[in-house]
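Participant: One structure follows; several queries about it will come next.
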Amino acid sequence: MSETSKSLNFIEQIIEEDLSNGYSKNDLRFRFPPEPNGYLHIGHASSICLNFGLGLRYDAPVNLRFDDTNPAKEEQEFVDAIKQDVTWLGFKWDTERYASDYFQQLYDWAVQLIKDGKAYVDSQTSEEMAAQKGTPTEPGVDSPFRNRSVEENLSLFEGMKNGEYKEGTHVLRAKIDMASTNMLMRDPIMYRILHKAHHRTNTDWCIYPMYDWTHGESDYIEQVSHSLCTLEFLPHRELYDWFLDQVTSPDKLRPKQREFARRNLSHTVVSKRKLAQLVEQNIVNGWDDPRMPTISGLRRRGYTPESIRNFVDTIGIAKRDNLIDVSLLEFHVREHLNKITPRVMGVLDPLKLVITNYPEGQEEWLEAENSPEDESLGSRQVPFSKELYIEKADFKEEANKKFFRLKLGGEVRLKNGYIIKAESCTKNTEGDIVEVQCTYDPKSKSGSGTPESLRRVKGTLHWVSIKHAVAAEVRLYDRLFTDESPDTHKDKDFMDFINPDSLKTITGYVEPSLKSASVGERFQFQRIGYFCVDKDSSSDKLVFNRTVGLRDSWAKIQQKN
Ligand code: ATP
Ligand code: MG
Numbered sequence: 000m001s002e003t004s005k006s007l008n009f010i011e012q013i014i015e016e017d018l019s020n021g022y023s024k025n026d027l028r029f030r031f032p033p034e035p036n037g038y039l040h041i042g043h044a045s046s047i048c049l050n051f052g053l054g055l056r057y058d059a060p061v062n063l064r065f066d067d068t069n070p071a072k073e074e075q076e077f078v079d080a081i082k083q084d085v086t087w088l089g090f091k092w093d094t095e096r097y098a099s100d101y102f103q104q105l106y107d108w109a110v111q112l113i114k115d116g117k118a119y120v121d122s123q124t125s126e127e128m129a130a131q132k133g134t135p136t137e138p139g140v141d142s143p144f145r146n147r148s149v150e151e152n153l154s155l156f157e158g159m160k161n162g163e164y165k166e167g168t169h170v171l172r173a174k175i176d177m178a179s180t181n182m183l184m185r186d187p188i189m190y191r192i193l194h195k196a197h198h199r200t201n202t203d204w205c206i207y208p209m210y211d212w213t214h215g216e217s218d219y220i221e222q223v224s225h226s227l228c229t230l231e232f233l234p235h236r237e238l239y240d241w242f243l244d245q246v247t248s249p250d251k252l253r254p255k256q257r258e259f260a261r262r263n264l265s266h267t268v269v270s271k272r273k274l275a276q277l278v279e280q281n282i283v284n285g286w287d288d289p290r291m292p293t294i295s296g297l298r299r300r301g302y303t304p305e306s307i308r309n310f311v312d313t314i315g316i317a318k319r320d321n322l323i324d325v326s327l328l329e330f331h332v333r334e335h336l337n338k339i340t341p342r343v344m345g346v347l348d349p350l351k352l353v354i355t356n357y358p359e360g361q362e363e364w365l366e367a368e369n370s371p372e373d374e375s376l377g378s379r380q381v382p383f384s385k386e387l388y389i390e391k392a393d394f395k396e397e398a399n400k401k402f403f404r405l406k407l408g409g410e411v412r413l414k415n416g417y418i419i420k421a422e423s424c425t426k427n428t429e430g431d432i433v434e435v436q437c438t439y440d441p442k443s444k445s446g447s448g449t450p451e452s453l454r455r456v457k458g459t460l461h462w463v464s465i466k467h468a469v470a471a472e473v474r475l476y477d478r479l480f481t482d483e484s485p486d487t488h489k490d491k492d493f494m495d496f497i498n499p500d501s502l503k504t505i506t507g508y509v510e511p512s513l514k515s516a517s518v519g520e521r522f523q524f525q526r527i528g529y530f531c532v533d534k535d536s537s538s539d540k541l542v543f544n545r546t547v548g549l550r551d552s553w554a555k556i557q558q559k560n
């Protein structure tokens, strides 16, 4: 194996092999084929990055194809959301296609199959058909309608198309082999009657083609060279090929189906159907709830397209299904946000701190660097005054040497400001500390160049000036499910594992520079984590989403348990 082929994933290796066996690079064409029955999720991101990644690698077109053959579940809203998400992830499709564009062609081919004696109308109930299916070890039983004449089949099928029959009265089946060891080959259904309006074809059709009949033929129409799908379609490949055998002509490219592993993320579910349940039952606030593993939820939560692409890249393409820990996704967003976000100060659990030797009524604006990672982000001014908020957790009356924050008699530096020393504290009647009194060293101002400013103390705290701080709603998110794979339990429903504490809403206090922050803007709240402005924010009320904490606290909690 050469150096370059070592780094290829197995799908790329298949393509390389095809290229060396006579495929031309110009023949390569891919597609991403979502069904518009929900919003895209992080699992889809793997498929998107794979297909569009191949397009970029081989300079080949990639279609966005909506697999819209079930009007009962599909909606324009989902089509729009899918287009927005693929674009946001950073990809451009060649053409936008719809399986419904091919309804006439598929119908014409089906008529041809009937004429060739390869399809028939079955008029049994679905229960009767199911009873004849057999088992993997026992052959199925032929339908009593299997040997209908071509004329009768043509006339019934036309009647189905013309709306003469009720739902469930007839189906069109391929005539393959009721004894096949592959159950999917036992005369699979090609069409069913559905008297439902379709989001694009409206009431033009009342028979709708099934997935297997539609997918390969759509690939063929679009001349997709490699039709990549997830592993559960492996047994469908034989049928995919059988259907293609009926329609392909030798002068045209014949698509290939190849399978890769579905990606599952821990502590969530990646299935549109299950995610729809969370939305419908108001467990979350819509498809873009920041706790959802949807692309739109992750975007609203503060994820960047780069972080999602890097995550997908890291997990790669696999041949076997497995569970990816969500902390890996969080690692990637942390890594990217660290590079690009400006640092700001916000206090989420405030404790009042009074600097007793700071002149009453005085205030000053301190220079604060926006990012140690990126000088181009510049600097800003933060107001300092006699009364500040610090985090409750940053002060203790007494603590051991490992506590590098503030304790009575101890010193810390206030970020971008002065060194302070805690002198005393006040408690309420319950014994909770409600105020800390400190003194500050006026010569120790950060960046002032004095020997005192260079003096090192163990801890640095973030803070806000009470007088200048802006109150903001802060939404703290946690795992949506308490179990790492909620939908894999035989005796329990995934809904049994909903985490009741997945959202905590608090009031935090942020520095005034954030007043003008716009929806979607991302920040690092120093020493706390990454936050972004939610779309619920308005000019009189800031709302922040916590994207992710600075450190992986979840992993630590898990280790302790
Ligand atoms: P869902 O069960 O969530 O509806 P699906 O497979 O039915 O998923 P489609 O809209 O048909 O959803 O998916 C479009 C493409 O994305 C398909 O090729 C599918 O195989 C792929 N895909 C869907 N889920 C995942 C996943 N978890 N990991 C990798 N690829 C996925
Ligand atoms: Mg599906």
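Note that numbering that gives the first Met the number 0 numbers the sequence shown so that position 372 is 371, with each residue one more than the last. Quick reminder that beta carbons are idealized off the backbone N, C-alpha and C, glycines included.
Measuring alpha carbon to alpha carbon, tell me which residue in Tyr417, Arg550, Asn544 is nearest Arg298.
Facilitator: Selected option, being the one with the closest Cα: Asn544.
Participant: Go through the region 106–139 residue by residue and report every complete run of the alpha helix (DSSP H) that reaches 4 residues or more, in order.
Facilitator: 125–130
Participant: Hey, which unbroken runs of the alpha helix (DSSP H) at 4 residues or more fall wholly within the region 331–361?
Facilitator: none
Participant: Among the candidates Gly116, Leu405, Glu390, whose CA atom is the shortest distance from the CA of Glu397?
Facilitator: Considering only alpha carbons, the answer is Leu405.
Participant: List the endpoints of the continuous beta strand (DSSP E) containing Asn544.
Facilitator: 541–548
Participant: Determine the burial state of Gln361: buried for a count of at least 16 other Cβ atoms within 10 Å of its Cβ, exposed for fewer.
Facilitator: exposed
Participant: Can you tell me the Cβ-Cβ gap for Glu372 and Lys338, rounded? I've got them flagged as a contact below 8 Å.
Facilitator: The Cβ separation is near 5 Å, so the contact holds.
Participant: Enumerate in chain order the residues of its own chain whose CB-to-CB distance from Glu11 is below 6 Å, with the five nearest sequence positions on each side excluded.
Facilitator: none
Participant: Which one or two residues does DSSP pair with Ser224 in a beta bridge?
Facilitator: For Ser224, which the question treats as bridged, DSSP gives no partner whatsoever.
Participant: Report all residues for which the CB-ligand distance to some heavy atom of the ligand ATP is below 5 Å; order them along the chain.
Facilitator: Pro33, Glu34, Gly42, His43, Ser45, Ser46, Cys228, Thr229, Arg261, Arg262, Val269, Ser270, Lys271
Participant: State the CB to CB distance for the pair Tyr529 and Leu336, rounded to an integer number of angstroms; the pair is presumed to be in contact (CB under 8 Å).
Facilitator: By a beta-carbon distance limit of 8 Å, Tyr529 contacts Leu336. Their separation comes to about 4 Å.
Participant: Could you tell me the alpha carbon to alpha carbon distance between Asn560 and Val223, rounded to whole angstroms?
Facilitator: Any answer about Asn560 is weak, because its pLDDT of 48 lies below 50 and its placement is not dependable; what the coordinates show is given next. Going from the Cα of Asn560 to the Cα of Val223 covers about 50 Å.
Participant: Just reading off the alpha helix (DSSP H) that Tyr57 is part of, what are its end residues?
Facilitator: 41–57
Participant: Can you tell me the Cα-Cα spacing of Arg236 and Gly377, whole angstroms?
Facilitator: 56 Å
Participant: Between Glu74, Ser326, Gln525, Asp66, which has its C-alpha nearest Asp218's C-alpha?
Facilitator: Asp66
Participant: My parser needs the alpha helix (DSSP H) runs of 4 or more residues fully inside the region 432–461; what are they?
Facilitator: Complete alpha helix (DSSP H) runs here, min 4: 450–453.
Participant: Based on Cα-Cα distance, which residue from Pro292, Gly446, Glu429, Asp79 lies nearest to Glu329?
Facilitator: Pro292
Participant: I want to know whether the region 465–475 touches the region 504–519 - three or more CB-CB distances under 8 Å.
Facilitator: Three or more pairs of CB atoms, one per stretch, sit closer than 8 Å, so the region 465–475 contacts the region 504–519.
Participant: Taking the Cβ atom as the reference point for each residue, do Glu216 and Phe242 lie within a distance shorter than 8 Å?
Facilitator: yes
Participant: Who are the Cβ neighbours of Glu15 in its own chain at under 6 Å, not counting the five residues just before and after it?
Facilitator: none
Participant: Could you give the residue range of the beta strand (DSSP E) that holds Gln523?
Facilitator: 521–524
Participant: Grouping DSSP H, G and I as helix and E and B as strand, with all else coil, what is Thr481?
Facilitator: The answer is coil: DSSP assigns Thr481 none of H, G, I, E or B.
Participant: Can you give me the C-alpha to C-alpha distance between Pro33 and Trp212, rounded to a whole angstrom?
Facilitator: 16 Å
Participant: Closest to Lys117 by CA distance: which of Val140, Asp79, Leu227, Asp186 is it?
Facilitator: Asp186
Participant: Please return the same chain residues whose Cβ sits closer than 6 Å to the Cβ of Met159, not counting the five positions on each side in sequence.
Facilitator: His169, Ile192, Ile206
Participant: Run through DSSP, which three-state label would Ser154 get?
Facilitator: Three-state result, Ser154: helix.
Participant: Who are the Cβ neighbours of Val547 in its own chain at under 7 Å, not counting the five residues just before and after it?
Facilitator: Glu329, Val332, Arg333, Gly528, Tyr529
Participant: Sorted by chain position, which residues of the same chain lie with C-beta nearer than 6 Å to Ile307's C-beta, five sequence neighbours on each side aside?
Facilitator: Ala44
Participant: Return the residue from the list Gly408, Arg253, Lys426, Ala275 that minimises the CA-CA distance to Ile419.
Facilitator: Gly408
Participant: Cα separation between Ser538 and Lys514?
Facilitator: 8 Å
Participant: Determine the contact status of Pro349 and Asn369, defining contact as a CB-CB distance below 8 Å.
Facilitator: no
Participant: Could you tell me the distance, in whole angstroms, from the CA atom of Ser4 to the CA atom of Asp240?
Facilitator: The predicted position of Ser4 is uncertain, since its pLDDT is 48 and thus under 50; no value can be drawn from it.
Participant: Just to confirm the assignment, what range does the beta strand (DSSP E) spanning Gly528 have?
Facilitator: Here the beta strand (DSSP E) through Gly528 covers 528–532.
Participant: Out of Arg257, Pro254, Arg96, Ile294, state which residue places its alpha-carbon closest to the alpha-carbon of Lys271.
Facilitator: Ile294
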